[in-house]
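Residue numbers (my numbering): 38 to 282.
Note that the Cβ used here is the ideal one computed from N, Cα and C, for glycine as well.
What follows is a short report on a single structure.
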Amino acid sequence: MNTVLRVYVGILLALVFLFFPGPGSAELHGTLTMTTNNVGRWFTKSNNNPALQSNVDYQHTSGLYLGSSVSTVNFDNKGQANAANVEIVPYLGWSHKLTGQWRLDAQWSRYLFDGKVFDLQSDYNEFYLFLHYKDLFSGRISISDDYYALGNPVLDYELTGRYPVTDSLEFAAGFGYSQTSAVLGSDYPYWNAGFTYFYKFLAFDLRYMDATETAINPATENRLHERYDPPLINASCVFSISLGF
38 MNTVLRVYVG ILLALVFLFF PGPGSAELHG TLTMTTNNVG RWFTKSNNNP ALQSNVDYQH
98 TSGLYLGSSV STVNFDNKGQ ANAANVEIVP YLGWSHKLTG QWRLDAQWSR YLFDGKVFDL
158 QSDYNEFYLF LHYKDLFSGR ISISDDYYAL GNPVLDYELT GRYPVTDSLE FAAGFGYSQT
218 SAVLGSDYPY WNAGFTYFYK FLAFDLRYMD ATETAINPAT ENRLHERYDP PLINASCVFS
278 ISLGF
């Protein structure tokens with residue numbers, strides 16, 4: 038196991054047992070996913086190749102939660118040495134029930150890589166605010182303090198809607214917008230729509246994804262893309278199988 042991964046898994050487990058020792062007062066969940074494409078909002082993190090993903094999440098009745106996700110990545114860094122192959126994202130958050138069926142979540146995530154992206158050690162923080170209505174609607178706004186260590190913050194917005202077609206079939210669609218022109222030379226609107234079928238501990242998801250560029254700054258775009266040109270998700274279908282507990 039990678040040294041960075043061992044350290045953060047150890048920290049995660051230590052926090053779980055230190056702060057939430059009561060087995061009856063919390064829930065532990067996990068998923069293991071195989072996907073045809075590791076999509077990060079508007080671009081592929083696996084160079085349009087299959088990827089493995091996993092997540093462990095620990096939720097306390099107080100509303101506090103923590104977890105970590107691990108994904109294989111392939112940023113196709115134009116032959117750069119020591120390119121990242123694994124992305125690790127530990128996170129800590131708090132969920133608060135508002136009036137009626139509304140819920141507000143706040144979350145901090147730390148993006149960690151076992152190698153370089155943009156020829157940089159690109160670890161960075163991201164801070165999220167979520168607003169949920171039942172399990173039908175979610176809105177999110179997030180800010181990255183130093184996006185991929187490129188020297189600028191980035192704002193991202195997303196709206197997601199879900200509709201239970203049957204007890205085992207769900208339709209979901211989302212639209213987002215990444216304000217990355219100061220960092221990457223463009224902003225990126227993106228959207229997706231698809232179905233998820235649930236069978237016991239398995240979930241099968243088929244999703245159509247698309248994105249485009251806007252607010253293009255050619256000078257910034259050309260300078261950064263000499264090192265790494267994020268492959269835009271463009272009219273792509275992504276299929277995933279998840280095993281959960």
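Item: Sequence-distant residues of its chain with Cβ nearer than 8 Å to residue 259 (five each side left out); Value: 222
Item: Assumed close pair residue 182, residue 162 - CB separation to whole angstroms, cut-off 8 Å; Value: 5 Å
Item: CA-to-CA distance, residue 149 to residue 218, given in whole angstroms; Value: 23 Å
Item: Every unbroken beta strand (DSSP E) inside the segment 120-175 [3 residues or more]; Value: 123-134, 139-150, 161-170
Item: Extent of the continuous alpha helix (DSSP H) to which residue 257 belongs; Value: 255-262
Item: Delimiting residues of the alpha helix (DSSP H) encompassing residue 108; Value: No alpha helix (DSSP H) contains residue 108, which is instead part of the beta strand (DSSP E) from 101-109.
Item: Same chain, Cβ closer than 6 Å to residue 276, five either side skipped, listed in chain order; Value: 73, 243
Item: Nearest neighbour of residue 33, chosen from 84, 281, 65 [CA to CA]; Value: Residue numbering for the chain in the displayed model covers 38 to 282; residue 33 lies beyond these limits and cannot be assessed.
Item: Alpha-carbon spacing of residue 122 relative to residue 110, whole angstroms; Value: 5 Å
Item: Check whether residue 155 and residue 78 have beta carbons under 7 Å apart; Value: no
Item: Range covered by the beta strand (DSSP E) that runs through residue 196; Value: 191-201
Item: Among 75, 202, 193, the one whose alpha carbon lies nearest that of residue 184; Value: 193
Item: One or two residues paired with residue 240 in a DSSP bridge; Value: 235, 279
Item: Beta-carbon proximity list for residue 186, same chain, < 7 Å, skipping 5 on both sides; Value: 157, 158, 159, 160, 161
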